[in-house]
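**Q** According to full-length UniProt numbering, the sequence shown is numbered sequentially starting from 1. Have a look at this one.
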Amino acid sequence: MAGILRNYADYLPVTKNTPGLTLHEGSTPLLFAPRLSERLDLELHFKYEGLNPTGSFKDRGMVMAVAKAVEEGSHTIMCASTGNTSASAAAYAARANINCFVLIPDGHIALGKLAQAMIYGAKIMAIKGNFDEALSIVKEITSKESITLVNSLNPYRLEGQKTAAFEVCDDLMGAPDILAIPVGNAGNISAYWKGFNEYYQSGVIDKLPQMFGFQASGAAPIVRGSIVQNPETVATAIRIGNPASWEKAEEALESSRGLIDEVTDEEILEAYHLLASMEGIFAEPASAASFAGIIKLKQQGRIEAGKKVVCVLTGNGLKDPDSAIQKAAVQPWKVNNDYDEVLNAIRQLAGD
Ligand code: F0G
């Protein structure tokens with residue numbers, strides 16, 4: 001089996017006319033984290049979405065949205081993006097042989113994501129403005145021109161993305177107690193909630209998880225209850241001040257008896273570092289917001305010991321090498337091409 005359109009066809013709007021588009025998205029690992037579980041006194045699992053074909057969860061929604069666009073006769077797609085959506089849209093457009101336009105906030109997307117959109121052949125425009133402003137232009141253009149919008153306002157995006165919730169339940173043979181997830185435009189939290197509900201209604205799982213969403217402190221409109229005009233965070237993927245799926249996310253939080261909270265850039269980077277150094281999992285900073293939130297709430301005594309928690313890690317750390325190099329704050333030692341010097345360096349480094 002390959003790809004979410006085949007694996008979960010029964011739950012998706014797949015018809016006999018839907019092209020069998022795939023880059024083998026989905027089927028990402030749910031990694032149990034033994035050391036961090038012990039440290040936090042929880043049963044912690046990480047849904048590592050960074051192992052999708054373009055390195056983020058967006059591929060699940062994009063394969064569905066692009067397949068439907070092609071089925072409906074569209075030749076051009078467009079999105080606004082903080083980076084991952086544009087990388088994914090560009091890849092699936094290349095695969096489906098259609099055109100792709102992307103609008104990004106100039107200077108605020110991680111290098112790897114820009115590289116991806118470029119090499120997959122998207123037509124890229126960078127605006128002097130933020131994601132929210134880019135999205136508003138894209139919404140208007142796609143409503144007037146024959147160009148398909150592939151941001152998560154396109155309902156097929158959430159359909160595809162809900163398959164991650166199915167995989168979590170399939171792997172755990174049930175639902176977790178808590179699903180922790182970073183929140184930007186709020187599409188993914190809404191998609192997971194939809195997925196859990198569909199599995200619940202089909203009788204595959206017998207309880208629903210609580211949904212815990214986390215925003216970066218400098219970009220936390222849902223936490224604050226009002227639009228943030230100039231969102232700012234090191235986690236550029238979730239640098240969003242006016243989420244498109246705000247209401248859907250509120251619904252998920254309320255009906256799951258969940259919560260939304262904020263984490264500072266320091267807390268995000270600390271969680272990011274712990275994941276890599278203690279569990280060997282390299283996720284991008286925005287992804288680590290889910291885990292940062294769990295650390296914070298556990299320390300505040302707001303999560304009971306022993307709970308089964310799944311943190312969604314939305315994107316691959318390799319997308320943003322600059323953040324890793326800055327956070328690790330260690331440079332390779334420069335040593336001469338000489339046996340004794342290398343051995344000497346090993347002795348000194350081992351003592352660190
Ligand atoms: N994590 C990563 C790595 C993301 O790229 C995004 C969103 C999110 C979390 C938040 O997901 O928007 O569904 O709440 N990235 C979008 C983009 C905005 O353009 O790539 P959300």
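Note that beta-carbon positions come from the ideal geometry of N, C-alpha and C, so glycine has one too.
1) Would you call TRP193 buried or exposed, if buried means 16 or more other Cβ atoms sit within 10 Å of its Cβ?
2) Checking the sheet assignment: what are the DSSP bridge partners for ILE295?
3) Taking DSSP's pairing of strands, which residues face MET78 in a bridge?
4) Going by alpha carbons, who is nearest to HIS24 out of ASP265, TYR11, ASN17, SER88?
5) I'd like to know if the region 78-85 and the region 103-115 are in contact, where contact means that at least 3 CB-CB pairs between them fall below 8 angstroms.
6) If you follow the alpha helix (DSSP H) that GLU247 is in, where does it begin and where does it stop?
7) Is it right to say TYR339 is buried, meaning 16 or more other beta carbons lie within 10 angstroms of its own, or is it exposed?
8) MET125 lies in the beta strand (DSSP E); which residues open and close that run?
9) Could you check the C-alpha separation between VAL223 and ALA216 for me, to the nearest Å?
10) Classify ASP261 as helix, strand or coil using the three-state DSSP reduction.
11) Measure from the alpha carbon of GLY184 to the alpha carbon of each residue in ILE119, GLU71, GLU262, then state which is nearest.
12) Using 8 angstroms as the Cβ pair cut-off and three pairs as the minimum, do the region 283-300 and the region 233-250 touch?
13) Roughly how many whole angstroms lie between the Cα atoms of ALA33 and LEU44?
14) Buried or exposed for ILE325, please, with buried defined as at least 16 other CB atoms from any protein chain shown within 10 angstroms of its CB.
15) Which two residues bound the contiguous beta strand (DSSP E) that contains LYS47?
16) Using the Cβ count rule (16 or more neighbours within 10 Å means buried), how would you classify PRO332?
17) Taking Cβ to Cβ, would you say PRO209 is nearer than 8 angstroms to PRO243?
18) Under DSSP, the alpha helix (DSSP H) around PHE196 begins and ends at which residues?
19) Measure the Cβ-Cβ separation of residue 353 and ILE205 and say whether it is below 8 angstroms.
20) Using a 10 Å radius around the Cβ and a threshold of 16 neighbouring Cβ atoms, would you call GLY258 buried or exposed?
21) Spatial neighbours of ILE147 within its chain, please: CB distance less than 6 angstroms, with the 5 preceding and 5 following residues excluded, ordered by chain position.
22) Does the ligand F0G have a heavy atom nearer than 7 angstroms to the CB of ILE147?
23) Nearest-angstrom Cα distance between PHE57 and ILE109?
**A** Answer, in terms of the structure:
1) It is buried - the Cβ of TRP193 has at least 16 other Cβ atoms within 10 Å.
2) According to the DSSP secondary-structure assignment, ILE295 is paired through a beta bridge with no residue.
3) Answer is PHE101, LEU149, bridged to MET78.
4) It is SER88 whose Cα lies nearest to the Cα of HIS24.
5) Put simply, the region 78-85 touches the region 103-115. At least three CB pairs are less than 8 angstroms apart.
6) In the DSSP annotation of this structure, the continuous segment of the alpha helix (DSSP H) that includes GLU247 starts and ends at 246-255.
7) Flag for TYR339 reads exposed.
8) Its beta strand (DSSP E) spans residues 123-127.
9) Straight-line Cα distance between these residues: approximately 10 angstroms.
10) In the three-state reduction of the DSSP assignment, ASP261 falls in the strand class, which pools E and B.
11) Ranked by how close their Cα comes to the Cα of GLY184, the residues ILE119, GLU71, GLU262 have GLU262 in first place.
12) Segments in contact, yes.
13) Taking C-alpha positions only, ALA33 is separated from LEU44 by approximately 6 angstroms.
14) Note on ILE325: under 16 other CB atoms within 10 angstroms of its CB, so exposed under the neighbour-count rule.
15) Per DSSP, LYS47 belongs to the beta strand (DSSP E) from 43-48.
16) The residue is exposed, with fewer than 16 neighbouring Cβ atoms inside 10 Å.
17) For PRO209 and PRO243, no; Cβs fall outside 8 angstroms.
18) Segment 187-201, the alpha helix (DSSP H) holding PHE196.
19) Beyond the ends of the chain as shown, which are 1 and 352, falls residue 353; an answer cannot be given.
20) Burial call: buried.
21) THR76, MET78, listed in sequence order.
22) It does not: the Cβ of ILE147 is nowhere closer than 7 angstroms to a heavy atom of the ligand F0G.
23) So the two alpha carbons sit approximately 17 angstroms from each other.
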